[in-house]
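Notes follow once the structure below has been shown.
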Amino acid sequence: MTEGMMTMIVMNKCRFAGLLACLSLAGTAGCSSFMTHSGPEQGYYSGTRAGAAVVADSDSGWVMRPLAALDLPFSAVVDTLFLPWDYYRKGSDSPGDSPRERVLRSEQQNHTNESLAQAAPMPASPPSRPSP
21 MTEGMMTMIV MNKCRFAGLL ACLSLAGTAG CSSFMTHSGP EQGYYSGTRA GAAVVADSDS
81 GWVMRPLAAL DLPFSAVVDT LFLPWDYYRK GSDSPGDSPR ERVLRSEQQN HTNESLAQAA
141 PMPASPPSRP SP
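Below is the structure:
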């Protein structure tokens, strides 16, 4: 192989890696916006606000804070694209329709907390088998 052919092979591999990195980044762009828009109405720029809250929260894990910081500009762009949709559905959802509120109501109706309090605690180690 000549040196020119080797250079072409390396450049093609680098292009593929660069393309893969760009597609991966584009595939995860605006995650906060998509997640907040999949539930009930949460106002304007809800994904950007959620991402900023994760970045500002000192209790966020060391993995989540940089990922949220990377996602923040993409969420702002996606939230801007969602502005007409947010305006259209503003006021149509009540806070009691959120998935979290529905789960809490269901737990209260079914007395889940009471039944969990009566459950036997899990053993710290697996039970030993009797010898044959």
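Residue numbers (the working numbering): 21 to 152.
Idealized CB from N, CA, C, for every residue including glycine.
Taking 9 Å as the cut-off, the beta carbon of residue 52 is found no closer than this to the beta carbon of residue 76. Apart from the 5 residues on each side of it in sequence, residue 102 sits with its Cβ closer than 7 Å to the Cβ of 53 and 57 in its chain, given in chain order. Assignment of residue 86 by DSSP, reduced to helix, strand and coil, places it in the helix class.
Every alpha helix (DSSP H) stretch that sits fully inside the segment 54 to 83 and reaches 4 residues is listed by chain position as 66 to 76. Around the beta-carbon of residue 100, fewer than 16 other beta-carbon atoms lie within 10 Å, marking it exposed. Residue 68 and residue 126 have their C-alpha atoms some 30 Å from each other.
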